[in-house]
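Colleague: Starting off with a structure, shown below.
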Amino acid sequence: GLCRIFHQDGLRTAPFNSQNMALNSGITPDGKEMGRAQIFQAEAAGIAPDVRMNPILLKPTSDRQAQVVLMGQVATSMDAVGYHQYKPRLREQILAVYQRLAGEYEALVLEGAGSPAEINLRDRDIVNMGMAEMAQCP
Numbered sequence: 110g111l112c113r114i115f116h117q118d119g120l121r122t123a124p125f126n127s128q129n130m131a132l133n134s135g136i137t138p139d140g141k142e143m144g145r146a147q148i149f150q151a152e153a154a155g156i157a158p159d160v161r162m163n164p165i166l167l168k169p170t171s172d173r174q175a176q177v178v179l180m181g182q183v184a185t186s187m188d189a190v191g192y193h194q195y196k197p198r199l200r201e202q203i204l205a206v207y208q209r210l211a212g213e214y215e216a217l218v219l220e221g222a223g224s225p226a227e228i229n230l231r232d233r234d235i236v237n238m239g240m241a242e243m244a245q246c247p
């Protein structure tokens, strides 16, 4: 809704969700895969979907494994422990993607995942308060 409102107010707006976990994915015009929610949000903002709006997509393959899609391409499959250990390596890439989008749009609507109150995940958070800190959001 916010992407549509900002777009209607004349702001060049894009959605951003650094990491999304969903089986509902879609294909961008350039043939890459991203979360369907961010595709809909881009459409609401009046722009074409771009994998930079959802650089990490986790697609569960079982109750313990997920396929990791990075920048629209399948990278690997990992279990939760392996991915939690891997996340710090993704911080620089996420920040670079965010900064490129921020340079192109007047407003970015950041979406988190789960709850920012999950303190057990805080030390390696790349999507909730960790992303807000990277983006220097208030």
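Numbering (the numbering used here) for the sequence shown: 110 to 247. All C-beta atoms in this analysis are idealised placements derived from N, C-alpha and C, irrespective of residue type, glycine included.
Helix or strand or just coil, what does DSSP make of Ala216?
Modeller: Strand.
Colleague: Have a look at Ala154, Pro197 and Tyr207 and flag the residue whose alpha-carbon is nearest the alpha-carbon of Asn163.
Modeller: Comparing Cα-Cα distances from Asn163 to each of Ala154, Pro197 and Tyr207, the minimum goes to Tyr207.
Colleague: Since Thr185 contacts Val177 with CB under 8 angstroms, what's their CB separation in whole angstroms?
Modeller: Indeed they touch by this definition, with Cβ atoms about 5 angstroms apart.
Colleague: Say whether the region 187 to 203 touches the region 216 to 226, bearing in mind that this needs 3 or more beta-carbon pairs closer than 8 angstroms, one atom from each stretch.
Modeller: With a cut-off of 8 angstroms, the region 216 to 226 and the region 187 to 203 do not count as touching, because too few Cβ pairs lie within range.
Colleague: Can you say whether Asn129 is buried or exposed, counting buried as having 16 or more other CB atoms within 10 angstroms of its CB?
Modeller: Buried.
Colleague: Since Gly135 is in the beta strand (DSSP E), which residue starts that stretch and which ends it?
Modeller: Per DSSP, Gly135 belongs to the beta strand (DSSP E) from Ser134 to Ile136.
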